[in-house]
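Undergrad:
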Amino acid sequence: MITERIDFKKNSVEALKSPKLKKALVNFTDRSRAFRRKAVNEVSEWEELRSEARRIKEDVINNLDSYLLELEKSVIRMGGNVHWAKDAEEASSIVVDIARENNVRNVVKSKSMATEEIELNRHLISNGINTVETDLGEYIVQLCDDHPFHIIAPAIHKTKEDISKLFSEKFGVPEYEEPEKLTEIARKKLREKFLSADMGVSGVNFAVAESGTIAIVENEGNARLATTVPDIHVAIMGIEKIVPKFEQLSIFLSLLARSATGQKSSTYVSLITGPRREGESDGPRQFHLVFLDNGRSDIARSEETKESLYCIRCGACINICPVYRQVGGHSYGWVYSGPIGAVITPQLNDLEKTADLPFASSLCGACRDVCPVKIDFPHVLLSLRQKVVEQGRKKPDPAGFMEKIAFRVWSFVFSKPFYYNLTGKMMVFLQYFYQRDNELRGLPYPFSKWTKEKNFPAFSKKPFRERWKEKYHGKNRTLLK
Amino acid sequence: MERKIPWEEQNITKMISKESKALILQNLCSASTMERDVNESTERVFLDPQLSIDQSKLQNDFIVNFEMVSGEVHLLEEKGSLIEKINELIQELGAQSVSFWNTKPLKSLEIASETDLATADIGITGADFAIADTGTLVLLSGPEQPRLTSLLPPVHIAILEKENIVLDIHALFAKLGESYEKNYDELCTCISFITGPSRTADIELNLTLGVHGPGRAIVIIV
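Residue numbers (this note's numbering), protein chains in the order written: chain A, 33 to 513; chain B, 11 to 232.
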């Protein structure tokens, strides 16, 4: 839960100061975008898949109550247990109680945003239950007592030097720098944890209503281990994760891997249906599925924003977002970052504390274009902004007033060629004191807000139209047509 | 198995859970404005039924895609030499202990004695299906087909019959639907899709193989 107001601006300014972070972010987003584009271009029916996925999700959210009941019935039929949690606190206490009831001492966890959302680790640990994250990135993040930086790549903000130092401090090993070596150390440490764990906790990527099957997607194999080795498997799902039909999984699985990491398929996909059955030598003996509401049923009721629940948590919107690329994951102040964070965080939390987030976007719409379920992010963000302003959750920005004036002036100047020319000429004259190397620096308020961050290109003494006239006057008229 | 009497807290949780169920459903009830969408267009809209599928092309595509994700493929012309091939691989890898599925043709495998899975050097399994388009093996769990054989040992070898390669993931689900006759009451407990060896890019985006699962994934196609 969010206890303090998220100050997006302050967080961003802080993040922008770190060149190390900047490098990691540019690297990561560039690569993710290129991989995704390539993987998507290979699929000729991509647009049909997106439309179909969206149609299915619309149906699911419109009928979520009956699908939840169907899923509950299916899970119980297959020998599993279902728990309903209205909020984070309740979900955590359900898991803690399952652990206590079975005298569980050691829990292994695979990566799950829902468990981050309910801060499950804190609850388990404070109840004396050892809890270890097993996704390599999450493990690193847990060892340094940090928060995940990205829903797909939690530790991209750590360099290998950071990690080698961390491992050396924690495990008393030499400071290896090779990622292979570091991975090997983590593998050994975590393998012991897996083999001695009595309970595995996972998230859920999709849950099939008709069959009671949950799908878990991953690359490392830790989710497979966590859901197979321990005697008890507890899976936690946001109630929006439902897919009605088993066969419909094919659509969502092909969309997810390609959108998230640009892989044709993630290395491992596990479709789990109930606990181990008679004759089987492995798999958990108990299977528990926790339905987490935590504000989702309220979103389902909002016509304007319910599409936020169609999200399949691929992270494509985060990777494409020009804002995220600059400010990184922690600026968004909670579990979900980027456009999906800006949309989901204010709706799952107190709007007053999260009022900055719907404004943390330029509304460029790149997120909408890459979203595998076609969430109209700009629309949802605008609707949330409206709500924030209507409820008076945000003080009118002083810049907002200046902006209004600026746009008035702009529309006046641009309305007639005469004003436009005149202003251009005036600017050439006015800029005299601020101009250096063809750039404007240190402009007075309110323009100082711009020049504090970057220089403004100087107005040209000879505007483009004049240069054009000189060069092409009387000739090459075809160019103008 | 009879379980111990639940703790007091458990009773409380069950009560909470029941209450919450009513609460959540009530909240959602007002959101439900429409009838369920029963239009099942998803069945085969993505595969042109006119498309004739060439099995040898499927096999080639599978090999290309599986190798692209650092998997290894061996092609066997005749089934008889399978045991030889496996023994050859075991020698090559210098494996001391092997664990394998108790299914045909592995049943007749006379190789190094089977050991505890946790310490085995190689795990050998079959593959119920494979997907050409993504280079994916599909393994169903069952009494003779444990899930951990393909997961715990550092090397995984899978035996794949080439007739079981399908075009894409949609074809795979259609095939599963066919074999279960759309009645998923009998669905096996775990279906594992495996696309190459275990991998991570969590440290500065460096691709590293074998983080939790096998570092080598080898397929023998017969």
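Quick reminder that beta carbons are idealized off the backbone N, C-alpha and C, glycines included.
#1: With the cut-off set at 9 Å, would you say A/F522 and A/H115 are in Cβ contact?
#2: Can you tell me which of B/P224, B/Q101, B/I34, B/D178 puts its alpha carbon nearest to the alpha carbon of B/F139?
#3: Give the secondary structure of B/C8 by DSSP, where H, G and I count as helix, E and B as strand, and everything else as coil.
#4: Compute the minimum distance between the beta carbon of A/D263 and the heavy atoms of the ligand HEM, and state whether it is under 8 Å.
#5: For A/E46, name the three-state secondary structure that DSSP assigns.
#6: For a cutoff of 9 Å on Cβ pairs, would you count A/E36 as touching chain B?
#7: Under a CB-based cut-off of 9 Å, is B/V55 close to chain A?
#8: So for A/A490, helix, strand or coil by DSSP?
#9: Along the stretch 26-37 of chain B, what residues have a CB closer than 7 Å to any CB found in chain A?
#10: I'd like to know whether the C-beta atoms of A/K296 and B/N75 end up nearer to each other than 9 Å.
#11: Does any residue of chain D have a CB that is nearer than 9 Å to the CB of A/Y356?
#12: Flag this pair as touching only if the stretch 162-173 of chain A and the stretch 247-256 of chain A have three or more C-beta atom pairs under 8 Å; answer yes or no.
#13: CA-CA distance, B/G225 and B/S208?
#14: Where are the beta strand (DSSP E) runs, 3 residues long or more, that stay fully inside the stretch 212-280 of chain A, in chain order?
#15: Quick one: is A/R468 buried, meaning 16 or more other Cβ sit within 10 Å of its Cβ, or exposed?
#16: DSSP three-state call for B/A128: helix, strand or coil?
#17: DSSP state of B/I36, grouped into three classes?
#18: Does any residue of chain A have a CB that is nearer than 9 Å to the CB of B/F139?
#19: Quick check on the burial criterion: 16 or more other C-beta atoms within 10 angstroms. Buried or exposed for B/G90?
#20: Out of A/Q280, A/I352, A/G474, which one is the CA nearest neighbour of A/S369?
#21: Measure the alpha-carbon distance for A/R317 versus B/L99 and round it to whole angstroms.
#22: Consult DSSP for A/I150 and reduce its assignment to one of helix, strand or coil.
#23: Mind checking who A/H505 pairs with in its DSSP beta bridge?
#24: Can you tell me which of A/D230, A/T386, A/R223, A/W500 puts its alpha carbon nearest to the alpha carbon of A/V420?
#25: In whole angstroms, what is the alpha-carbon distance linking A/D401 and A/A348?
#26: A/A292: buried (16+ other C-beta within 10 angstroms of its C-beta) or exposed?
#27: Any Cβ of chain B within less than 9 Å of the Cβ of A/P478?
#28: Rounded to a whole number of angstroms, what is the C-alpha to C-alpha distance between B/E196 and A/G111?
#29: If we ignore side chains and look at the alpha-carbon of each, how far apart do A/T191 and A/E209 end up?
#30: Identify whether A/K574 lies in helix, strand or coil by the three-state DSSP scheme.
#31: Just to confirm my understanding: we take A/F67, look at its own chain, exclude 5 residues before and 5 after, and list those with CB closer than 7 Å. What are they?
#32: Less than 6 Å between C-beta atoms, sequence neighbours within five positions excluded: which residues of the same chain meet that for B/A168?
#33: In this structure, how does DSSP classify A/F323 when only helix, strand and coil are distinguished?
#34: Secondary structure at A/W116, three-state DSSP: helix, strand or coil?
#35: Cβ of A/S313 within 9 Å of Cβ of B/P156?
#36: Using CA atoms only, rank isn't needed, just tell me which of A/A438, A/K501, A/V107, A/T166 is closest to A/S144.
TA: Reading off the structure:
#1: The displayed coordinates of chain A run from 33 to 513. Any statement about residue 522 of chain A would go beyond what the structure contains.
#2: B/D178
#3: Here chain B comprises residues numbered 11 to 232, so residue 8 of chain B is not present and cannot be evaluated.
#4: Judged by which ligands are present, the structure shown has none, so any question about the ligand HEM falls away.
#5: helix
#6: no
#7: In this prediction, B/V55 scores a pLDDT of 48, lower than 50, which makes its location untrustworthy; the coordinate-derived value is nonetheless stated afterwards. Answer yes: the Cβ-Cβ gap between B/V55 and chain A drops below 9 Å somewhere.
#8: coil
#9: I26, S27, S30, K31, L33, I34, L35, N37
#10: yes
#11: This model lacks chain D altogether; the protein chains it does include are A and B.
#12: yes
#13: 6 Å
#14: 231-234, 238-240, 245-250, 264-270
#15: exposed
#16: helix
#17: Looking at the sequence itself, residue 36 of chain B is Gln, so the reference to Ile does not match. Three-state DSSP puts B/Q36 in a helix.
#18: no
#19: exposed
#20: A/I352
#21: 35 Å
#22: coil
#23: According to DSSP, A/H505 bridges with nothing at all.
#24: A/T386
#25: 10 Å
#26: buried
#27: no
#28: 12 Å
#29: 10 Å
#30: Given that chain A is displayed from residue 33 to residue 513, the structure contains no residue 574 of chain A and the question cannot be resolved.
#31: T293, G294
#32: T135, A137, L147, V229
#33: strand
#34: strand
#35: yes
#36: A/T166
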